[in-house]
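Please read the structure below before turning to the comments.
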Amino acid sequence: MKIFSTHHRAVGFGYLAISAVAVGVGVLLSLAMRAHLAWPDWPLPLHGPILPEEYLALVTMHGTLMLFFVLTVAPQSGFGNLILPAQIGARRMAFPRINAASMWLTALALLVLLAAFFVPGGGPIGGWTAYPPLSESALAGPGQGAGMDCWLASIAIFGIASTMSAVNTLTTIVKLPCEGMTWQRLPLTVWGWFTAALLSVIAFSVLLAALLLLFCDRHLHSSFFLPSGDVINGVLLQHGGNGSPLLWLHLFWFFGHPEVYIAILPGMGLTSMVIANFARRRVFAYKLMIATTLLIGLLGILVWGHHMFVAGLNPFAGTVFSISSLAIALPASAKVLSWLATLWRSRPRMTTAMLFALGFVSLFITGGLSGPILAQPILDEYLHNTFFVVAHFHLIMAMAGVFGLFCATYYWFPLLFGRMLSERLGKVHFWGTLLGAYATFLPMHLTGLAGEPRHYARLNGLAGPGTTLLEATQPLQVHITVAAIFLALAQIPFLLNLLRAWRSSERAAPNPWVATTLEWAPESEELAVVYREPCVYSESGEEFLAQWKSEAAINSEAE
Amino acid sequence: MLSASSAERFWHLPVDAARHGPAMDAHLLLNLWIALGLIALAHLILFSGLIFRRRASQPVHILVLEYLPLSALTLLFAALGVRSEQLWAAQRYTGADPAAMQVEVTGAQFVWTFRYPGADAAFGETKPMLIAPAAGNSLGIDFTDPHAADDIVTSQLVLPAGREVDLTLRSLDVIHGFAVPEMRLKQNAVPGQTSHIHFTPETPGEYAILCTQVCGTGHYRMQAVMRVLPADEFDEWLRMRELRR
Chain A
456 MKIFSTHHRA
466 VGFGYLAISA
476 VAVGVGVLLS
486 LAMRAHLAWP
496 DWPLPLHGPI
506 LPEEYLALVT
516 MHGTLMLFFV
526 LTVAPQSGFG
536 NLILPAQIGA
546 RRMAFPRINA
556 ASMWLTALAL
566 LVLLAAFFVP
576 GGGPIGGWTA
586 YPPLSESALA
596 GPGQGAGMDC
606 WLASIAIFGI
616 ASTMSAVNTL
626 TTIVKLPCEG
636 MTWQRLPLTV
646 WGWFTAALLS
656 VIAFSVLLAA
666 LLLLFCDRHL
676 HSSFFLPSGD
686 VINGVLLQHG
696 GNGSPLLWLH
706 LFWFFGHPEV
716 YIAILPGMGL
726 TSMVIANFAR
736 RRVFAYKLMI
746 ATTLLIGLLG
756 ILVWGHHMFV
766 AGLNPFAGTV
776 FSISSLAIAL
786 PASAKVLSWL
796 ATLWRSRPRM
806 TTAMLFALGF
816 VSLFITGGLS
826 GPILAQPILD
836 EYLHNTFFVV
846 AHFHLIMAMA
856 GVFGLFCATY
866 YWFPLLFGRM
876 LSERLGKVHF
886 WGTLLGAYAT
896 FLPMHLTGLA
906 GEPRHYARLN
916 GLAGPGTTLL
926 EATQPLQVHI
936 TVAAIFLALA
946 QIPFLLNLLR
956 AWRSSERAAP
966 NPWVATTLEW
976 APESEELAVV
986 YREPCVYSES
996 GEEFLAQWKS
1006 EAAINSEAE
Chain B
7 MLSASSAERF
17 WHLPVDAARH
27 GPAMDAHLLL
37 NLWIALGLIA
47 LAHLILFSGL
57 IFRRRASQPV
67 HILVLEYLPL
77 SALTLLFAAL
87 GVRSEQLWAA
97 QRYTGADPAA
107 MQVEVTGAQF
117 VWTFRYPGAD
127 AAFGETKPML
137 IAPAAGNSLG
147 IDFTDPHAAD
157 DIVTSQLVLP
167 AGREVDLTLR
177 SLDVIHGFAV
187 PEMRLKQNAV
197 PGQTSHIHFT
207 PETPGEYAIL
217 CTQVCGTGHY
227 RMQAVMRVLP
237 ADEFDEWLRM
247 RELRR
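Heads up: the sequence lines are chains A and B, in that order.
Counting from 456, one number per residue, gives the positions in the first sequence under this note's numbering.
Counting from 7, one number per residue, gives the positions in the second sequence under this note's numbering.
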């Protein structure tokens, strides 16, 4: 395979390689953060004590790496490129060159972001949301000069790449499905990629505009987000005009909330398909599942204000955004009900891929049910920017997203590499990861309820009632850190599994999961044709009708 | 259900010392128990569905399995939403009582500063170019303004118990988050605008004021103390401050 190939699989593997680098770095950063919170005086080996600005840089870079370069890139662009064309009976993506270019731009964006660690002042310290005026000026703190510029450049490049990639995905799904692949016959994975791509086009264009305005504020002395008379670090900033930081919050969260749905929608689609496949059942309420996917996308762009309940909006706006945010719980609940109904008394085949799909359901339920709590402004007033929120989005977005990625890896590995991953190692990996995920993120609800704010480099050491309040969480802090280390170590069986499969010469059977969707169709010279919806199984579950099997072929097999 | 105080301990909630606090805590605890119950119920259904013997899928109508539970959830979330909007409206839809005590809270990296208007009940004007922490004027108060003469600037937020307080939130530099967990209170201080939040501290004591919006290197140490005193002790404190000025 050429390095600069425009083949969609080469591009897909490129995206997964980017995510692999980002997730590796992101995990190491999070372990350093956790170690510092549990044992604040412990010097990091080869580094020394973690300074407050270094802690904030760790938080910022961890969030940016994970959300953009892992949870956005891997499910949508990575597996999208690897699987989507085959699943709709296309042989390629619509715009192969744009596709390859956007992958290389994403790689460039990653390098630019990581460069922030090595520029004077280090990485940016304002969190992945980069609220101004903290992000407006190098005066605001270390990392807010060159480091923040790296962040801005990286996310701008990333946004351009994601928009290109989303246009490519949308065009492919609209223009290239094979004969017979109607909208209702599209697998739910495709619906997930489709909706996420729609959201990407809408959300990233707004983010790009916001980034441009912030760039102008920083380097051309405009003041889109800077009020007049702002005094940072003793310096009265002399920009023309009188802007508002809240404008950035609106623009950023108009992007930021759809962004978290971009991260999770492909995983939802895959979970539906994998559960149906191993339960040997149709997806319960298939059309409703399509509708709820689109509805989650639509509502997803109407809820951004729930990040701003206490940001200084009119309190009536809090009520409006509270209603739209509570409403999004309904299509999400409809999905959970469909998963439960599909699984009910199905005695599914418990492969590792299936376990990760079930883990996705579990994490989605547990992480999701704290959503309606945070959607109520009066409760969010207490919980906003505490670890309760950190617990919520790590369970529902980060962990569920990662379980979706592992599900995809175990499920499609035989398709992509012609080899099987070990089920035994896979199960060890699953149980370790599930246990680690819950042990790490469930207790964060409690430290949040106890009052622990986000982005605190230290919880103790100051005199006064603040330390008394926060120090009470210390036993839980140690527990969370130990659990996080366990969660990271629980990935070793996965790496061993990959290594083992790479060295094994055993070939996987074609269609080892007896799946019905088109990516598993035997390769042939002829163009693919689709005859029916996915997931058609007999009552016993033993026989199945693949999407590519013609009635004639079925009849001749019967004779 | 557990008694209120043991429930608060179970969920690790700190002391609740504000007048609006108990109603909010009751609603929060109700939400937490409902969430926990639904999580348990969903997992129970999931596990039983996996464990029981396989049965051919019955042609169950979508109405029963999707729309009925969804209607129930809609009612549940609507009821919780309505209750929370009542509490939100009570706290936010109208401003403070005109007789409420006025205190200005100003956030700047990484200090909270509090200002009382003094006997004239009006704050003196502030100007960014007058900000000079070294000269003891960290807020940039314009002392040529007659209202400024009797302003009292403090590093602790001292309040009388049982009287409504109207806080005016400002920031000089970046966005800060004014939060008092034990008063169940949070509102951002945004540069370029003033925000108001009003509440009544109920129980005397010392409570932590935290910054909950990342604001730079010293974010974690941007803490202050809210000291709630019985009314007579507060009057004495205020008199002493006025004398000292």
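Using N, Cα and C, we set each Cβ at its ideal position, and we do this for glycine too.
- The continuous alpha helix (DSSP H) containing A/Asp-604 extends over residues 601-630.
- Within the stretch 819-833 of chain A, the residues whose Cβ lies closer than 7 Å to some Cβ of chain B are Ile-820, Thr-821, Leu-824, Ser-825, Pro-827, Ile-828, Gln-831, Pro-832 and Ile-833, listed in chain order.
- Under DSSP, the beta-bridge partners assigned to B/Ile-147 are B/Thr-132.
- The three-state reading of DSSP puts A/Phe-459 in coil, since its state is none of H, G, I, E or B.
- Under the three-state reduction of DSSP, B/Ser-201 is assigned to strand.
- Our two residues, A/Trp-957 and A/Leu-484, have alpha carbons roughly 28 Å apart in a direct line.
- Closest by C-alpha distance to A/Pro-587, out of B/Val-220, B/Ala-46 and B/Trp-39, is B/Val-220.
- Within chain A, the residues placing a beta-carbon under 7 Å from that of B/Thr-80 are Leu-785, ordered along the chain.
- Straight through space, the alpha carbons of A/Asn-623 and A/Ile-756 are spaced by roughly 21 Å.
- Relative to B/Gln-115, the option among B/Met-232, B/Met-228, B/Arg-247 and B/Ala-237 whose CA is nearest is B/Met-228.
- Bridge partners of B/Thr-119 according to DSSP: B/Thr-112.
- Fewer than three Cβ pairs drawn from the stretch 662-671 of chain A and the stretch 23-31 of chain B lie within less than 8 Å of each other, which leaves the two stretches out of contact.
- The alpha-carbon of B/Met-30 is positioned some 7 Å away from that of A/Leu-834.
- Comparing alpha-carbon positions, the option among A/Gln-946, A/Cys-990 and A/Phe-868 lying closest to A/Leu-890 turns out to be A/Gln-946.
- The beta carbon of A/Ala-927 lies closer than 8 Å to those of Ala-905 in the same chain, with the five residues before and after it left out.
- In the DSSP assignment, B/Val-234 falls within the unbroken beta strand (DSSP E) covering 230-235.
- Nearest CB-CB separation between B/Gln-108 and chain A: not below the 8 Å threshold.
- Taking 8 Å as the cut-off, the beta carbon of A/Phe-815 is found closer than this to the beta carbon of A/Phe-858.
- Taking CB atoms only, B/Met-246 has no neighbour in chain A less than 8 Å away.
- Looking at the backbone, the Cα of A/Pro-948 and that of A/Val-933 are separated by about 25 Å.
- Closer than 8 Å to the CB of A/Ala-789 there is at least one CB belonging to chain B.
- Within 10 angstroms of the beta-carbon of B/Tyr-99 lie fewer than 16 other beta-carbons, which makes it exposed.
- Per DSSP, reduced to three states, the secondary structure at B/Cys-217 is strand.
- In the DSSP assignment, B/Gln-193 falls outside any alpha helix (DSSP H) and lies within the beta strand (DSSP E) extending over 191-195.
- When the beta-carbon positions are compared, A/Gly-582 and A/His-849 stay at least 8 Å from each other.
- DSSP places B/Leu-173 in the uninterrupted beta strand (DSSP E) bounded by 171-177.
- Just so you know, the alpha carbons of A/Leu-511 and A/Ala-912 end up roughly 7 Å apart.
- Among the residues of chain B, those whose CB is under 7 Å from the CB of A/Gly-684 are Pro-134, following chain order.
- A residue is called buried once 16 or more other Cβ atoms fall within 10 Å of its Cβ, and A/Trp-497, having fewer, is exposed.
- For B/Glu-239, no chain A residue has a Cβ inside 9 Å of its Cβ, as the nearest lies near 18 Å away.
- In terms of Cβ geometry, B/Leu-165 and B/Met-232 form a close pair [threshold 8 Å].
- Taking a Cβ-Cβ cut-off of 8 Å, the neighbours of B/Tyr-213 in chain A comprise Pro-920, given in sequence order.
- Sequence-ordered contacts of the stretch 953-978 of chain A with chain B are nonexistent [C-beta pairs closer than 7 Å].
- In the three-state reduction of the DSSP assignment, A/Gly-906 falls in the coil class.
- With 16 or more other Cβ atoms from the protein chains shown falling within 10 Å of its own Cβ, B/His-204 counts as buried.
- For B/Ile-158, no alpha helix (DSSP H) segment is defined; the enclosing uninterrupted segment is the beta strand (DSSP E) at 158-160.
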